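Residue numbers (my numbering): -3 to 178.
Here it is, written out as structure tokens:
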């Protein structure tokens, strides 16, 4: 039994996947620099939340809510808070969880060693991937280049608006309903 204990422990350790990349875990929302969250985003501060819906649902929601008729839906979307004009742009971001499973390779080598086989082993490590989708929203105005920056005067009112926008988006299934709410 003592001879098999190291083998059993090795198999248990090898069976677990080794994470290569872990996506951020965002419960409600997060305010951070877009560049820190994903390199392809701008340096402005972003309102980021996890998007459980299918791709392009937020595009449809914004297009219908702001009646944009599929023009400039991603950039310079105008909205007003207390008669002050603001604009927002949004980005749909995919950050996958990646893990590698070495168990098939180790098992094949152990089996060949146990059977004293000289066959070449062509087993390859298995990579698993789970996609995580996020929405990143940046807000700016003619006065303020980054309304989510810590020292911005409009930060609190913009955050309140974005939280309400997020809740409305996540709770609405028929986006035509939002036209009647406005």
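We put the beta carbon where it would ideally sit given N, CA and C, even for glycine.
The structure displayed is predicted, hence computed values, not measured ones.
Between residue 14 and residue 96, what straight-line distance do the alpha-carbon atoms span, to the nearest angstrom?
-> 5 Å
Taking all protein chains shown into account, do 16 or more other C-beta atoms lie within 10 angstroms of the C-beta of residue 78, making it buried, or fewer, making it exposed?
-> Residue 78 comes out exposed.
Cβ pair count under 8 Å reaching 3, the region 118 to 134 against the region 82 to 93 | Contact between the region 118 to 134 and the region 82 to 93 is present, with at least three C-beta pairs closer than 8 Å.
Which of helix, strand or coil does DSSP assign to residue 144?
-> coil
Flag this pair as touching only if the region 141 to 152 and the region 33 to 44 have three or more C-beta atom pairs under 8 Å; answer yes or no.
-> yes
Please specify which runs of the beta strand (DSSP E), each continuous and at least 3 residues long, are wholly inside the region 37 to 117, giving them in chain order.
-> 41 to 46, 73 to 77, 80 to 90 and 93 to 97
Could you check the C-alpha separation between residue 170 and residue 100 for me, to the nearest Å?
-> 46 Å
Starting from the C-beta of residue 154, find all residues in its chain whose C-beta is less than 6 Å away, skip the five residues before and the five after it, and write them out in chain order.
-> Closer than 6 Å at Cβ, skipping near neighbours: 135 and 143.
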